[in-house]
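Below is one structure, written out as structure tokens; comments come after it.
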Amino acid sequence: MSGLTMPPSDKATLAKRAEIVADMRTIVPGEGVVDAAREMRAFETDGLTAYRQLPMVVVLPETAQQVARILKYCSDRNIKVVPRGSGTSLSGGALPLEDAVLLVMSRFNRILDIDYPNRCAVVQPGVTNLDITTAVEQEGYYYAPDPSSQIACSIGGNVAENSGGVHCLKYGLTANNVLGVEMVLMNGEIVRLGGRHLDAEGYDLLGIMTGSEGLLGVVTEVTVRILKKPDMARALLVGFPSSEEAGQCVADIIAAGIIPGGMEMMDRPAIRAAEDFVHAGYPLDVEALLIVELDGCGAELDHLIGRVEEIALKNGSVTCRISQSEEERLAFWLGRKAAFPAVGRISPDYYCMDGTIPRKELPRVLHGMRQLSEQYGLRVANVFHAGDGNLHPLILYDANIPGELDKAEAFGADILKLCVKVGGVLTGEHGVGVEKRDLMGEMFNQTDLDQQMRVKCAFDPGHLLNPGKVFPQLRRCAELGRMHIHRGQMPFPDIPRF
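Following this line, the structure appears as structure tokens:
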């Protein structure tokens with residue numbers, strides 16, 4: 001290192017970082033602190049891999065008391081903190097900042113209690129979504145939210161993003177299946193919201209926390225609702241000559257008062273990719289495929305299956321296959337659950353969007369996406385939760401071709417603008433993060449954003465928790481409503497994109 005000099009500011013920054021790392025090691029001893037650049041590479045991005053940033057330091061606590069000490073330390077010294085679960089977020093919600101502590105909750109991975117009489121389970125936030133169902137299924141129970149990433153995504157991240165899944169139409173999102181949380185505020189205070197009871201008195205703080213994207217506090221324990229498995233479940237695999245007809249069928253099924261356990265839709269590119277990947281028996285001569293699952297007792301299922309078949313025929317269905325066994329039903333879902341990795345086999349890269357629309361607008365939005373695909377010259381594969389209007393268009397591109405990522409992002413932004421235009425919202429379960437941050441103005445006016453920011457200020461007045469996410473502009477908490485702070489006037493992280 002002889003002859004190498006650093007500006008005083010760099011030396012000061014390195015010294016401050018070394019001090020923070022040393023102090024973190026006193027709070028989390030052993031191997032709970034990672035500060036070598038090579039080892040931190042594993043944490044530089046989440047599921048939105050176009051954006052990457054090394055954190056200042058990675059800390060992996062094991063107890064709520066350690067989390068509290070870390071947050072109190074950072075609050076006292078004005079140090080930013082980015083919470084992270086399994087890193088499966090598709091909106092950049094867990095993206096690190098170079099001047100922030102990355103607080104990784106993966107060591108909180110135990111199921112603490114299963115309470116069958118009260119039909120709930122108490123788990124730590126690092127427990128994977130699927131592990132909850134696996135732990136209770138021998139007693140005939142399951143955990144209803146089931147995002148496609150359930151084998152890897154953690155329950156803490158589900159709470160942060162209000163995740164859904166293929167069965168959320170009938171059984172609800174995470175918000176409908178979480179009864180309570182233990183969380184740590186930025187000042188180090190440990191608080192509990194809700195519990196094992198169905199409803200809590202007072203303000204719906206649990207509702208505010210669910211879907212708050214790590215901006216309000218760090219969850220250290222979650223009490224979830226577990227449900228008894230239905231007596232029976234059968235699925236219909238229905239093919240259509242166009243996506244518009246399939247979309248209209250979805251709207252008509254709900255309008256008829258039928259609430260399926262799940263209702264998913266895939267278009268031709270997604271159908272072919274999934275079938276080539278898992279060989280689920282999907283028809284390859286249709287433009288759109290609906291998977292409609294119905295559950296209940298045998299007589300009820302027979303009646304509902306007949307009604308769905310009738311509605312599908314009125315909308316031009318050309319194929320209809322009804323599962324005759326549990327293995328066949330699971331095979332129908334296997335293709336849908338594997339659709340995202342399957343699409344990765346037909347394109348070097350893809351950009352997964354997440355907008356939600358009124359069901360009756362499905363045909364209009366699908367037609368609009370087809371026009372946008374032609375405009376941008378990029379293919380799109382549609383895989384989405386049709387029953388609740390939660391779209392997951394996958395925009396196919398090649399990052400090695402200059403300008404294609406920019407086109408894919410512009411294409412995605414136009415899809416989300418279309419969703420808002422028809423009365424929908426920017427996200428259903430992926431969250432805003434950094435991906436949709438600059439589109440918030442499409443859906444909210446400044447008064448709306450100010451009100452949201454006031455909630456943030458009540459929990460985190462220093463803007464230290466997950467800064468740079470969700471809000472396109474920041475306002476100082478003490479001056480909200482009196483002074484507008486533009487991005488250039490207040491430190492705001494620039495997110496490196498790759």
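Residues in the sequence shown are numbered consecutively from 1, following our numbering.
Backbone N, C-alpha and C fix where the C-beta goes; we use that ideal spot for every residue, glycine too.
- Query: Going straight from the alpha carbon of Glu264 to that of His385, what length do you get?
  - Reply: The residue you call residue 264 lines up with position 264 of the sequence shown. The residue you call residue 385 lines up with position 385 of the sequence shown. Rounded to the nearest angstrom, the two C-alpha atoms are 5 Å apart.
- Three-state secondary structure (DSSP) at Val58? In the sequence shown, counting from the first residue as 1, residue 58 sits at position 58. Of the three classes helix, strand and coil, the one that applies to Val58 here is strand, per DSSP.
- Task: Below 8 Å CB to CB, which residues in the same chain sit around Asn315 once its five sequence neighbours on both sides are set aside?
- Result: One-based indexing of the sequence shown puts residue 315 at position 315. Excluding the 5 residues flanking it on each side, Asn315 has same chain C-beta neighbours closer than 8 Å at Phe240, Glu245, Ala246, Gln248, Cys249, Asp252, in chain order.
- Query: CB-CB under 6 Å to Lys421, same chain, minus the five flanking residues each way: which ones, in chain order?
  - Reply: Here the question's residue 421 lines up with position 421 in the sequence shown. Nothing meets the Cβ criterion.
- Could you check how far apart the C-beta atoms of Leu510 and Leu391 are, in whole angstroms? I think they sit under 8 Å. Residue 510 is absent from the structure shown; the chain starts at 1 and stops at 498.
- Task: Round the Cβ separation of Gly180 and Thr223 to the nearest angstrom and send it over; I've been treating them as touching at under 8 Å.
- Result: One-based indexing of the sequence shown puts residue 180 at position 180. One-based indexing of the sequence shown puts residue 223 at position 223. Cβ atoms of Gly180 and Thr223 come within 8 Å of each other, at about 4 Å.
- Leaving out five residues on either side along the sequence, give the residues of the same chain with a beta carbon under 8 Å from the beta carbon of Ala273. To locate residue 273, count along the sequence shown from 1; it is residue 273. Closer than 8 Å at Cβ, skipping near neighbours: Ala339, Ala342, Val343, Arg345, Ile346, Ala381.
- Query: Taking C-beta to C-beta, are Gly387 and Ile357 nearer than 9 Å?
  - Reply: The residue labelled residue 387 in the question sits at position 387 within the sequence shown. The residue labelled residue 357 in the question sits at position 357 within the sequence shown. No, these two residues do not count as a Cβ contact at 9 Å.
- Task: With distances taken Cα to Cα, identify the nearest neighbour of Cys352 among Gln124, Pro402, Ala408.
- Result: Your numbering for residue 352 matches position 352 in the sequence shown. Of the listed residues, the one whose Cα sits closest to Cys352 is Ala408.
- Query: For the candidate residues Asp115, Asn187, Ile395, Gly281, whose alpha-carbon lies nearest to that of Arg196?
  - Reply: Taking the first residue of the sequence shown as 1, we reach residue 196 at position 196. Nearest of Asp115, Asn187, Ile395, Gly281 to Arg196, Cα basis: Asp115.
- Message: With H, G and I counted as helix, E and B as strand and the rest as coil, what does DSSP make of Arg379?
- Response: The sequence position of residue 379 within the sequence shown is 379, counting from 1. Residue state, collapsed to three classes: coil.
- Message: Tell me the residue span of the beta strand (DSSP E) that contains Met232.
- Response: One-based indexing of the sequence shown puts residue 232 at position 232. Where Met232 is concerned, the enclosing beta strand (DSSP E) stretches over 232–240.
- Task: Excluding the 5 residues preceding and the 5 following Gly261 in the sequence, name in chain order all residues of the same chain whose CB lies nearer than 8 Å to its CB.
- Result: Within the sequence shown, numbered from 1, the residue matching residue 261 stands at position 261. Within the same chain, Gly261 has close Cβ partners His167, Leu169, Lys170, Tyr171, Pro230, Ala233, Glu293, Leu294, Asp295.
- Message: Would Glu429 and Gly214 be called neighbours here (beta carbons separated by less than 9 Å)?
- Response: Taking the first residue of the sequence shown as position 1, residue 429 is located at position 429. Taking the first residue of the sequence shown as position 1, residue 214 is located at position 214. Result no, Cβ atoms of Glu429 and Gly214 do not sit closer than 9 Å.
- Message: Between the alpha carbons of Glu326 and Val123, how many angstroms are there, rounded?
- Response: Taking the sequence shown and counting its residues from 1, one reaches residue 326 at position 326. Taking the sequence shown and counting its residues from 1, one reaches residue 123 at position 123. Approximately 29 Å, taken between the alpha carbons.
- Which ranges does the beta strand (DSSP E) cover as unbroken runs of at least 3 residues, wholly within the stretch 310–381, from first to last along the chain? 319–322, 349–352
- Local conformation of Ser154 per DSSP, three classes: The residue given as residue 154 occupies position 154 in the sequence shown. Ser154: strand per DSSP, three-state reduction.
- Task: Grab me the residues of Arg497's own chain with a C-beta within less than 7 Å of its C-beta, minus the 5 sequence neighbours each way, in chain order.
- Result: Along the sequence shown, read from residue 1 onward, the residue named residue 497 stands at position 497. Since pLDDT at Arg497 reaches only 49, below the 50 mark, its modelled position is unreliable, and no value is offered.
- Task: For His385, write down the residues that DSSP places opposite it in a beta bridge.
- Result: If you number the sequence shown from 1, residue 385 lands on position 385. Note: His385 sits in a beta bridge opposite Asn390.
- Tyr203 in three-state terms, based on DSSP: Counted from its first residue, the sequence shown places residue 203 at position 203. Here Tyr203 carries a coil assignment [DSSP, helix/strand/coil].
- Message: For Arg329 and Gln66, what's the separation of their Cα atoms in angstroms?
- Response: Residue 329 sits at position 329 when you count from the first residue of the sequence shown. Residue 66 sits at position 66 when you count from the first residue of the sequence shown. Approximately 45 Å between the Cα atoms of the pair.
- By how many angstroms is the C-alpha of Asp438 removed from the C-alpha of Arg359? Here residue 359 refers to the residue found at position 359 when the sequence shown is read from its first residue. Here residue 438 refers to the residue found at position 438 when the sequence shown is read from its first residue. Cα-Cα distance, rounded: 26 Å.
- Grab the span of the alpha helix (DSSP H) containing Arg268 for me, first residue to last. Taking the sequence shown and counting its residues from 1, the one referred to as residue 268 is at position 268. That run of the alpha helix (DSSP H) goes 268–278.
- Query: Given that a residue counts as buried once 16 or more other Cβ atoms are within 10 Å of its Cβ, and exposed if not, what is Ile271?
  - Reply: Here residue 271 refers to the residue found at position 271 when the sequence shown is read from its first residue. Label assigned to Ile271: buried.
- If we count the other Cβ atoms within 10 Å of its Cβ and call it buried at 16 or more, is Cys153 buried or exposed? Here residue 153 corresponds to residue number 153 of the sequence shown, with the count starting at 1. It counts as buried.
- Query: In or out: Val455 buried (at least 16 other Cβ within 10 Å) or exposed?
  - Reply: Taking the first residue of the sequence shown as position 1, residue 455 is located at position 455. The residue is exposed, with fewer than 16 neighbouring Cβ atoms inside 10 Å.
- Query: Excluding sequence positions up to five away, which residues of its chain have a Cβ less than 7 Å from the Cβ of Leu372?
  - Reply: Along the sequence shown, read from residue 1 onward, the residue named residue 372 stands at position 372. Taken in chain order, the residues that qualify are Phe411, Asp414, Ile415.
- Between which two residues does the beta strand (DSSP E) harbouring Val219 extend? Numbered from 1 along the sequence shown, position 219 holds the residue referred to as residue 219. It spans 218–225 - the beta strand (DSSP E) in which Val219 sits, taken as one unbroken run.
- alpha helix (DSSP H) segment containing Asp414, residue limits: As a working note, residue 414 is residue 414 in the sequence shown. For Asp414, the enclosing alpha helix (DSSP H) has its first and last residue at 404–421.
- Query: Would the beta-carbon of Arg84 fall within 9 Å of that of Asp46?
  - Reply: Here residue 84 is taken as the residue at index 84 of the sequence shown, counted from 1. Here residue 46 is taken as the residue at index 46 of the sequence shown, counted from 1. The answer is yes: Cβ separation under 9 Å.
- Where does Cys120 fall in DSSP's three states? Counting from one through the sequence shown, the residue named residue 120 turns up at place 120. Of the three classes helix, strand and coil, the one that applies to Cys120 here is strand, per DSSP.
- If you follow the alpha helix (DSSP H) that Leu71 is part of, which residue opens it and which one closes it? For the purposes of this step, residue 71 is identified with residue 71 of the sequence shown, where counting begins at 1. 64–76 is the extent of the alpha helix (DSSP H) around Leu71.
- Beta-carbon proximity check, Thr220 vs Ile190, cutoff 9 Å: Here residue 220 is taken as the residue at index 220 of the sequence shown, counted from 1. Here residue 190 is taken as the residue at index 190 of the sequence shown, counted from 1. In contact: Thr220 and Ile190 (Cβ atoms closer than 9 Å).
- Query: Using the C-alpha atoms, what's the distance from Pro125 back to Glu19?
  - Reply: As a first step, residue 19 must be located in the sequence shown, where it is residue number 19. As a first step, residue 125 must be located in the sequence shown, where it is residue number 125. When rounded, the distance between both Cα atoms is 29 Å.
- Please classify Asp23: does DSSP put it in a helix, a strand, or coil? Taking the first residue of the sequence shown as position 1, residue 23 is located at position 23. Residue state, collapsed to three classes: helix.
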